[in-house]
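Engineer: Numbering (this note's numbering), first residue to last: 770 to 1120. The beta carbon of each residue, even a glycine, is placed where N, CA and C say it ideally should be. Please read all numbers here as calculations on a predicted model, not as lab measurements. Got a structure for you, written out below as structure tokens; questions coming shortly.
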Amino acid sequence: MIDLRSDTVTLPSPAMREAMYRAELGDDVYGEDPTVNRLQKMAAERLGKEAALFVPSGTMGNTAAVLAHTGRGEAFIVGDQSHIYHHELGGASTIGGSPRHVVATGANGMLDLHQIQVGISDGSDEHTAATALLCIENTHNRCGGTVLSVTQVEALTELAHMHGVAVHMDGARVFNAAIALGVPVSTLVRTVDSVMFCLSKGLSAPVGSMLAGSRDFIRRAQRMRKLMGGGMRQAGVIAAAGIVALEQMVDRLAEDHENCKQLADGLAEYPQIDVDAERVVTNMVVFSVRNSEQEPLTEEETMQFLAKAREHGVLMGHIGEGRIRAVTHYGLDADHIRASLVGIRRALLDL
Ligand SMILES: *Cc1c(COP(=O)(O)O)cnc(C)c1O
770 MIDLRSDTVT
780 LPSPAMREAM
790 YRAELGDDVY
800 GEDPTVNRLQ
810 KMAAERLGKE
820 AALFVPSGTM
830 GNTAAVLAHT
840 GRGEAFIVGD
850 QSHIYHHELG
860 GASTIGGSPR
870 HVVATGANGM
880 LDLHQIQVGI
890 SDGSDEHTAA
900 TALLCIENTH
910 NRCGGTVLSV
920 TQVEALTELA
930 HMHGVAVHMD
940 GARVFNAAIA
950 LGVPVSTLVR
960 TVDSVMFCLS
970 KGLSAPVGSM
980 LAGSRDFIRR
990 AQRMRKLMGG
1000 GMRQAGVIAA
1010 AGIVALEQMV
1020 DRLAEDHENC
1030 KQLADGLAEY
1040 PQIDVDAERV
1050 VTNMVVFSVR
1060 NSEQEPLTEE
1070 ETMQFLAKAR
1080 EHGVLMGHIG
1090 EGRIRAVTHY
1100 GLDADHIRAS
1110 LVGIRRALLD
1120 L
């Protein structure tokens, strides 16, 4: 079975298993786990931020970030296609009492600057919650792993900062973005106030994400992590895999991008598949399927197609509105890509 549902299905490398076994441990709630401390220092340096915090998941990292940036009743701006808006249960609003203001997401994950400008409130109008934070996403998941450039990130942060609004980057796959752009990750996140990235996706660690920002921000985020029950004890067991992820698994993401490009180019040759292979720049491709009459598949038919693909050895995910997502990752090579194209062709023939 070739699993293209997500890069979260990656298993830890042998070097990670070894590092986990040997990890030096302590109680991290006392700040005494040397392995967690090392990972946090390493992540902060890599991102060019003062401090970093190890969190159990990307969702907790994003939620802790929003809580740390906004007070109760202070609003944050998010894109209507963002992970924070779609896939995190509205956590920051539920736990922290921060209303969200939603703006449109462009095709490549860029947010509309004019809508942001209009959406920012300084709180002088008694009807409107004051805006404290803007959240951006890079790479952009629901847009198909698209990348915001350094210039785009700077345009967003400049606008927000001009109004005294902080910026958090949901950078679950920010290393994929940096590699696609060919820039150091620290350059890409230089102007944002905080950034979260996942160790447990393309970087292949079993568990964990990192949140980075100023020392003062991380101190507040650490309290929010505790509030959500995310204070972990001998967390060095999993942090050890995170260290290996940063040391050994970042540069190889380029292979995933190359494999995804092959996959997208292969899909583009099938007349029943609608895909914009040009837009595939990282490890994701989003496409939809038409039936033999060239009509788009209904939701039900899309699910049937996915079941057929599964029978032919290929697992992929449905992300709504007939859109199918395939993600390349550690553990898959060019042969797997060729085999999955064969499986997908067979599933198309079964339609
Ligand atoms: C996966 C993901 C997250 C959340 O990470 P989890 O570890 O699954 O909670 C946040 N943002 C984006 C863009 C993601 O793809």
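Just checking: is the beta-carbon of leucine 858 within a distance shorter than 8 angstroms of some beta-carbon in chain B?
Structural biologist: Going by chain labels, chain B is absent from the structure shown, which holds only one protein chain.
Engineer: May I have the straight-line CA-CA distance separating histidine 838 from proline 953, to the nearest angstrom?
Structural biologist: Reading the sequence shown from its first residue, position 69 is the one you call residue 838. Reading the sequence shown from its first residue, position 184 is the one you call residue 953. The alpha-carbon atoms of histidine 838 and proline 953 are separated by roughly 26 angstroms.
Engineer: In the structure shown, what three-state DSSP assignment does isoleucine 1012 receive?
Structural biologist: Here residue 1012 refers to the residue found at position 243 when the sequence shown is read from its first residue. Helix, per DSSP.
Engineer: Of all residues in the structure, which have a C-beta closer than 6 angstroms to any heavy atom of ligand 1, taken in chain order?
Structural biologist: Here the residues come out as Ser826, Gly827, Thr828, Asn831, His852, Glu906, Asn910, Asp939, Ala941, Cys967, Ser969, Ser978.
Engineer: Compare the Cα-Cα distances from valine 1096 to each of Glu1068, Ala990, Glu1024 and report the closest residue.
Structural biologist: Counted from its first residue, the sequence shown places residue 1096 at position 327. The candidate whose alpha carbon is nearest that of valine 1096 is Glu1024.
Engineer: How many angstroms separate the CA atom of leucine 726 from the CA atom of serine 851?
Structural biologist: The question about residue 726 has no answer here: the residues shown for the chain are numbered 770 through 1120.
Engineer: Expressed to the nearest angstrom, what Euclidean distance is found between the alpha-carbon atoms of leucine 858 and alanine 899?
Structural biologist: Taking the sequence shown and counting its residues from 1, the one referred to as residue 858 is at position 89. Taking the sequence shown and counting its residues from 1, the one referred to as residue 899 is at position 130. If I take the Cα positions, the gap works out to 22 angstroms.
Engineer: Nearest to histidine 909 by alpha carbon, out of Leu816, Met938, Leu1101, Arg1092?
Structural biologist: For this step, residue 909 is matched to residue 140 along the sequence shown. Comparing Cα-Cα distances from histidine 909 to each of Leu816, Met938, Leu1101, Arg1092, the minimum goes to Met938.
Engineer: What span of residues does the beta strand (DSSP E) with methionine 938 cover, start to end?
Structural biologist: One-based indexing of the sequence shown puts residue 938 at position 169. Counting along the chain, the beta strand (DSSP E) containing methionine 938 begins and ends at 935-939.
Engineer: Just checking, does the segment 1044-1061 make contact with the segment 913-928 on the three C-beta pairs under 8 angstroms criterion?
Structural biologist: Flag = yes, the segment 1044-1061 and the segment 913-928 touch.
Engineer: On the three-pair Cβ rule with 8 angstroms, is the segment 1038-1045 touching the segment 826-840?
Structural biologist: No, the segment 1038-1045 is not in contact with the segment 826-840.
Engineer: Give the DSSP-derived three-state secondary structure of glutamate 1090 in the structure shown.
Structural biologist: By one-based count along the sequence shown, residue 1090 stands at place 321. Glutamate 1090 falls in the coil class under three-state DSSP.
Engineer: Using the Cβ count rule (16 or more neighbours within 10 Å means buried), how would you classify aspartate 802?
Structural biologist: The residue given as residue 802 occupies position 33 in the sequence shown. With 16 or more other Cβ atoms within 10 Å, it is buried.
Engineer: Have a look at Ala1108, Cys1029, Ala1010, His1087 and flag the residue whose alpha-carbon is nearest the alpha-carbon of alanine 792.
Structural biologist: As a first step, residue 792 must be located in the sequence shown, where it is residue number 23. Nearest of Ala1108, Cys1029, Ala1010, His1087 to alanine 792, Cα basis: Ala1010.
Engineer: Distance check for alanine 784 and proline 1065, CA to CA, integer angstroms please.
Structural biologist: Locating residue 1065 in the sequence shown gives position 296, where the first residue counts as 1. Locating residue 784 in the sequence shown gives position 15, where the first residue counts as 1. For proline 1065 and alanine 784, the distance between alpha carbons rounds to 45 angstroms.
Engineer: From which residue to which residue does the beta strand (DSSP E) around valine 887 run?
Structural biologist: Along the sequence shown, read from residue 1 onward, the residue named residue 887 stands at position 118. Counting along the chain, valine 887 falls outside any beta strand (DSSP E), though it belongs to the alpha helix (DSSP H) covering 882-888.
Engineer: Alpha carbon to alpha carbon, what distance is there between alanine 1103 and glutamate 843?
Structural biologist: Taking the sequence shown and counting its residues from 1, the one referred to as residue 843 is at position 74. Taking the sequence shown and counting its residues from 1, the one referred to as residue 1103 is at position 334. Answer to the nearest angstrom: the Cα atoms are 48 angstroms apart.
Engineer: Tell me histidine 870's beta-bridge partners as DSSP assigns them.
Structural biologist: As a working mapping, residue 870 is identified with position 101 in the sequence shown. In DSSP, histidine 870 forms a bridge with Ile846.
Engineer: Counting only the same chain and skipping the five closest in sequence on each side, list residues whose C-beta sits under 8 angstroms from that of aspartate 891.
Structural biologist: Within the sequence shown, numbered from 1, the residue matching residue 891 stands at position 122. Once the five neighbours on either side are set aside, the close Cβ partners of aspartate 891 are Ala899, Thr900, His932, Gly933.
Engineer: Following the continuous beta strand (DSSP E) through threonine 777, name the residue where it begins and the one where it ends.
Structural biologist: Translated into positions along the sequence shown, residue 777 becomes position 8. Per DSSP, threonine 777 belongs to no beta strand (DSSP E) and is neither H nor E.
Engineer: Confirm, please, whether the CB-CB distance from proline 975 to serine 825 is below 8 angstroms.
Structural biologist: Here residue 825 refers to the residue found at position 56 of the sequence shown. Here residue 975 refers to the residue found at position 206 of the sequence shown. Contrary to the premise, residue 825 reads as proline rather than serine in this sequence. No, they are not a contact pair.
Engineer: Output the boundary residues of the alpha helix (DSSP H) element that contains glutamate 819.
Structural biologist: As a position in the sequence shown, residue 819 is number 50, starting the count at 1. Run containing glutamate 819: none; DSSP gives neither H nor E here.
Engineer: Output the boundary residues of the beta strand (DSSP E) element that contains threonine 920.
Structural biologist: Residue 920 sits at position 151 when you count from the first residue of the sequence shown. Segment 919-931 is the alpha helix (DSSP H) holding threonine 920; no beta strand (DSSP E) there.
Engineer: Starting from the N-terminal side, write out each stretch of the alpha helix (DSSP H) that is 4 residues or longer and does not extend beyond the segment 958-1005.
Structural biologist: Complete alpha helix (DSSP H) runs here, min 4: 984-996.
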